[in-house]
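Quick notes on the structure that follows.
Protein chains: 2
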Amino acid sequence: MKTVPVPLQAIDSRLYKIHLDSGLLTQQDFMRGIMQSFNAGKQVAVVTNPQIAKHYLPSLQESLSNYEVLPVILPEGEAHKNIESVMSIFHQLSDAEFNRSCTLMALGGGVIGDITGYAAATWMRGVNFVQLPTTLLAQVDSSVGGKTGVNIPQGKNMIGAFYHPRAVITDLNTLHTLPAREFKAGLAEVIKYGLIYDEQFLTWLEKNIDKLIDLDKQSLIYAIQRSCEIKAEVVAQDEKEQGLRAILNLGHTFGHAIEAAMGYGKWLHGEAISAGMVMAAKLSYELGWIKSIDLERVQAIFQQTGLPIEGPKNLSYEDYWQRMVKDKKSRDEGLPLVLLKSLGKAVVSYDYTEQQLRKILPK
Amino acid sequence: MKTVPVPLQAIDSRLYKIHLDSGLLTQQDFMRGIMQSFNAGKQVAVVTNPQIAKHYLPSLQESLSNYEVLPVILPEGEAHKNIESVMSIFHQLSDAEFNRSCTLMALGGGVIGDITGYAAATWMRGVNFVQLPTTLLAQVDSSVGGKTGVNIPQGKNMIGAFYHPRAVITDLNTLHTLPAREFKAGLAEVIKYGLIYDEQFLTWLEKNIDKLIDLDKQSLIYAIQRSCEIKAEVVAQDEKEQGLRAILNLGHTFGHAIEAAMGYGKWLHGEAISAGMVMAAKLSYELGWIKSIDLERVQAIFQQTGLPIEGPKNLSYEDYWQRMVKDKKSRDEGLPLVLLKSLGKAVVSYDYTEQQLRKILPK
Numbered sequence: 001m002k003t004v005p006v007p008l009q010a011i012d013s014r015l016y017k018i019h020l021d022s023g024l025l026t027q028q029d030f031m032r033g034i035m036q037s038f039n040a041g042k043q044v045a046v047v048t049n050p051q052i053a054k055h056y057l058p059s060l061q062e063s064l065s066n067y068e069v070l071p072v073i074l075p076e077g078e079a080h081k082n083i084e085s086v087m088s089i090f091h092q093l094s095d096a097e098f099n100r101s102c103t104l105m106a107l108g109g110g111v112i113g114d115i116t117g118y119a120a121a122t123w124m125r126g127v128n129f130v131q132l133p134t135t136l137l138a139q140v141d142s143s144v145g146g147k148t149g150v151n152i153p154q155g156k157n158m159i160g161a162f163y164h165p166r167a168v169i170t171d172l173n174t175l176h177t178l179p180a181r182e183f184k185a186g187l188a189e190v191i192k193y194g195l196i197y198d199e200q201f202l203t204w205l206e207k208n209i210d211k212l213i214d215l216d217k218q219s220l221i222y223a224i225q226r227s228c229e230i231k232a233e234v235v236a237q238d239e240k241e242q243g244l245r246a247i248l249n250l251g252h253t254f255g256h257a258i259e260a261a262m263g264y265g266k267w268l269h270g271e272a273i274s275a276g277m278v279m280a281a282k283l284s285y286e287l288g289w290i291k292s293i294d295l296e297r298v299q300a301i302f303q304q305t306g307l308p309i310e311g312p313k314n315l316s317y318e319d320y321w322q323r324m325v326k327d328k329k330s331r332d333e334g335l336p337l338v339l340l341k342s343l344g345k346a347v348v349s350y351d352y353t354e355q356q357l358r359k360i361l362p363k
Numbered sequence: 364m365k366t367v368p369v370p371l372q373a374i375d376s377r378l379y380k381i382h383l384d385s386g387l388l389t390q391q392d393f394m395r396g397i398m399q400s401f402n403a404g405k406q407v408a409v410v411t412n413p414q415i416a417k418h419y420l421p422s423l424q425e426s427l428s429n430y431e432v433l434p435v436i437l438p439e440g441e442a443h444k445n446i447e448s449v450m451s452i453f454h455q456l457s458d459a460e461f462n463r464s465c466t467l468m469a470l471g472g473g474v475i476g477d478i479t480g481y482a483a484a485t486w487m488r489g490v491n492f493v494q495l496p497t498t499l500l501a502q503v504d505s506s507v508g509g510k511t512g513v514n515i516p517q518g519k520n521m522i523g524a525f526y527h528p529r530a531v532i533t534d535l536n537t538l539h540t541l542p543a544r545e546f547k548a549g550l551a552e553v554i555k556y557g558l559i560y561d562e563q564f565l566t567w568l569e570k571n572i573d574k575l576i577d578l579d580k581q582s583l584i585y586a587i588q589r590s591c592e593i594k595a596e597v598v599a600q601d602e603k604e605q606g607l608r609a610i611l612n613l614g615h616t617f618g619h620a621i622e623a624a625m626g627y628g629k630w631l632h633g634e635a636i637s638a639g640m641v642m643a644a645k646l647s648y649e650l651g652w653i654k655s656i657d658l659e660r661v662q663a664i665f666q667q668t669g670l671p672i673e674g675p676k677n678l679s680y681e682d683y684w685q686r687m688v689k690d691k692k693s694r695d696e697g698l699p700l701v702l703l704k705s706l707g708k709a710v711v712s713y714d715y716t717e718q719q720l721r722k723i724l725p726k
């Protein structure tokens, strides 16, 4: 037998930058500089939804006036995060004869970002992708990690690709049109970064949470910056130390059970994981890993933010357990949960008993 | 403004191997060794079409008897290289609850390989992919380069991804059931590698072409091995020296014009590019780059193989030109063509005049 070895090249030794400030989308020079930084071609498709288009598309088109801009307006909501939306983008790109050097911009929240990133990953085997996240959740979560994808009836994010943006442009002005409830749900992920990785950041958040809720610019910049830095560090380490990335899911197994049990959209993701993070903290306390004063701090910061610290009243232990097992497809080893060794240090653990889990969940 | 740099990891510092021999698909130990080499999970989907399934699926299933094998049978032909076929794979994977550690195997020619590779690239953001090419064309072309994708009504390969296999298993026995016409069309690509990159290989082919046509095992192994090596070298160099990869398209711009003018499928791809490579050689001769004896060698080897050295009788210069311009989307610089500086050295060139091109094409 003959064997031909085929070396694979390192595809990405580059980096990209997340730019954080107020008013970036309307600064023509800045936008042009970003486009030139990666040798963008003349064609730019801006993928967004009707509500966001109303607020930001006209001024964005103005600052991209040197480019051939194709607005692609998708219907709003997770229900449209599917292959039909992707095909709709492809057909519009094709009709406009968009070529290999075109750029796809995602102007919106996580749903728009996930759909657009996947379209960019697979149009002509990959074109330029730029993220313009307009929700706090997208700004601190989707900006880092390269996950793109869409749902199929059988499951969420079943079709997708790892595909990184050329740049992320986070214009803080977009937060002024974000409903307060969604903004607070986004803060749940910000607090998560403190809890899993950086006790100092948690302390900073405890002092500055009211400023964040008031949309104080400098506080927002610091909170988003630190969140993105932590996510980037965790994701980068995952390549050596397999599984570390899972700590980004603190509270998520509990939270997904809440979301699924209530019907998606009833509880916002950030609300569900807030209650979930408190559950994880309670279980960590039961295991003797954190003190009662730590648990109180966890509950206090979510409460101060106006986020739930308990799940819905009507869910039983069995309601949680069945959905948690399904969510994680647990096997013989048991169900892995992200727990807190201390404030600022999360681990993936199987070290809890059913009795301990029952204690922190409803009957 | 704050800027957060996000480093991108080198995703692929690995390599994969192309394994070449007779009877590999039916060797249980070999197949198991390959699967273990990349820590494959228990689930294997074998994507193929009815004709190939009839010949090879039962014995392949036997050699994969330690795995949960899901046959996915797609209708045959380029007409089915579309997103519907990909969705059909996804739905079958989903119904069979295939997870992140599953493997997708492409058992077939280029169409099956392109569809399956794209499905593997995007199912759960990327799962294991193994190629089992059953045509000479797929064995020497699709095995290297990572191009996957499907067509949309507006164009070929418009949706796709660069995605490399974990391994390529080239079982020479599959060539025994390949129609002679398709085998010879595959030889066109083999000869191409000699013409563009390796005069010694061309000389070897001139001496051994009859053995190849008789499916002599050792000759086949060498020809396929050398073809894959050359393609791998060219693709690897393209990352530094942008555009070199284009030399792999010797004869293709002329060939695509023939395929499009005749209606796809009338002339096989390999037949069209044989005539196209002779045209490119004639133009290179007109430019004074190769001698008349070189041109004669080019014509002789295609003739000896039983491949066309002229285009269809009824095509005019205008028939070619219009389709060639469309194929390459040429702009101000003119239409780039791959030409021969000498036998064994191809370049991309704009250095020809309309008059010279008219001379080598029909009136």
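First to last, the sequence lines map onto chains A and B. Using the working numbering, read the first sequence as starting at 1 and increasing by one per residue. Using the working numbering, read the second sequence as starting at 364 and increasing by one per residue. Even for Gly, the Cβ is constructed at its ideal location relative to N, Cα and C.
Roughly how many whole angstroms lie between the Cα atoms of residue i and residue j?
i: residue 373 of chain B; j: residue 166 of chain A; result: For residue 373 of chain B, the predicted structure reports a pLDDT of 49, less than 50, and the residue's modelled location is therefore unreliable. A value from the coordinates is still provided. Computed Cα separation, rounded: 16 Å.
i: residue 613 of chain B; j: residue 642 of chain B; result: 10 Å
i: residue 312 of chain A; j: residue 274 of chain A; result: 12 Å
i: residue 527 of chain B; j: residue 481 of chain B; result: 10 Å
i: residue 214 of chain A; j: residue 17 of chain A; result: 26 Å
i: residue 132 of chain A; j: residue 62 of chain A; result: 15 Å
i: residue 97 of chain A; j: residue 91 of chain A; result: 10 Å
i: residue 317 of chain A; j: residue 310 of chain A; result: 13 Å
i: residue 212 of chain A; j: residue 219 of chain A; result: 6 Å
i: residue 303 of chain A; j: residue 296 of chain A; result: 10 Å
i: residue 116 of chain A; j: residue 368 of chain B; result: 22 Å
i: residue 640 of chain B; j: residue 709 of chain B; result: 11 Å
Taking its Cβ as the centre, do 16 or more other Cβ atoms sit within 10 Å of residue i, making it buried, or is it exposed?
i: residue 268 of chain A; result: buried
i: residue 359 of chain A; result: exposed
i: residue 386 of chain B; result: exposed
i: residue 252 of chain A; result: buried
i: residue 101 of chain A; result: exposed
i: residue 399 of chain B; result: exposed
i: residue 377 of chain B; result: exposed
i: residue 370 of chain B; result: exposed
i: residue 586 of chain B; result: buried
i: residue 308 of chain B; result: What is shown of chain B runs 364 to 726, which leaves residue 308 of chain B out entirely.
i: residue 534 of chain B; result: buried
i: residue 396 of chain B; result: exposed
Helix, strand or coil for residue i per DSSP?
i: residue 367 of chain B; result: strand
i: residue 487 of chain B; result: coil
i: residue 373 of chain B; result: The predicted position of residue 373 of chain B is uncertain, since its pLDDT is 49 and thus under 50; a value taken from the coordinates is nonetheless stated next. Residue state, collapsed to three classes: coil.
i: residue 248 of chain A; result: helix
i: residue 195 of chain A; result: helix
i: residue 354 of chain A; result: helix
i: residue 71 of chain A; result: strand
i: residue 113 of chain A; result: helix
i: residue 428 of chain B; result: coil
i: residue 708 of chain B; result: strand
i: residue 187 of chain A; result: helix
i: residue 208 of chain A; result: helix
i: residue 27 of chain A; result: coil
i: residue 682 of chain B; result: helix
i: residue 651 of chain B; result: coil
i: residue 135 of chain A; result: coil
Taking DSSP's pairing of strands, which residues face residue i in a bridge?
i: residue 104 of chain A; result: A:45 and A:129
i: residue 171 of chain A; result: A:21
i: residue 161 of chain A; result: A:148
i: residue 155 of chain A; result: A:152
i: residue 368 of chain A; result: The question about residue 368 of chain A has no answer, for chain A in this structure spans 1 to 363.
i: residue 378 of chain B; result: A:7
i: residue 445 of chain B; result: B:514
- Report the residues of the segment 210-236 of chain A with a CB closer than 7 Å to any CB of chain B, ordered along the chain. Answer in chain order: 221, 225, 228, 229, 232 and 236.
- Message: At a CB distance below 8 Å, what residues from the segment 428-461 of chain B approach chain A? Give them in sequence order.
- Response: Flagged, chain order: 446, 450, 453, 454, 457 and 458.
- Message: Counting only Cβ-Cβ distances shorter than 7 Å, please list the residues of the segment 520-532 of chain B near chain A, keeping chain order.
- Response: Listed in sequence order: 521, 522, 523, 524, 525 and 527.
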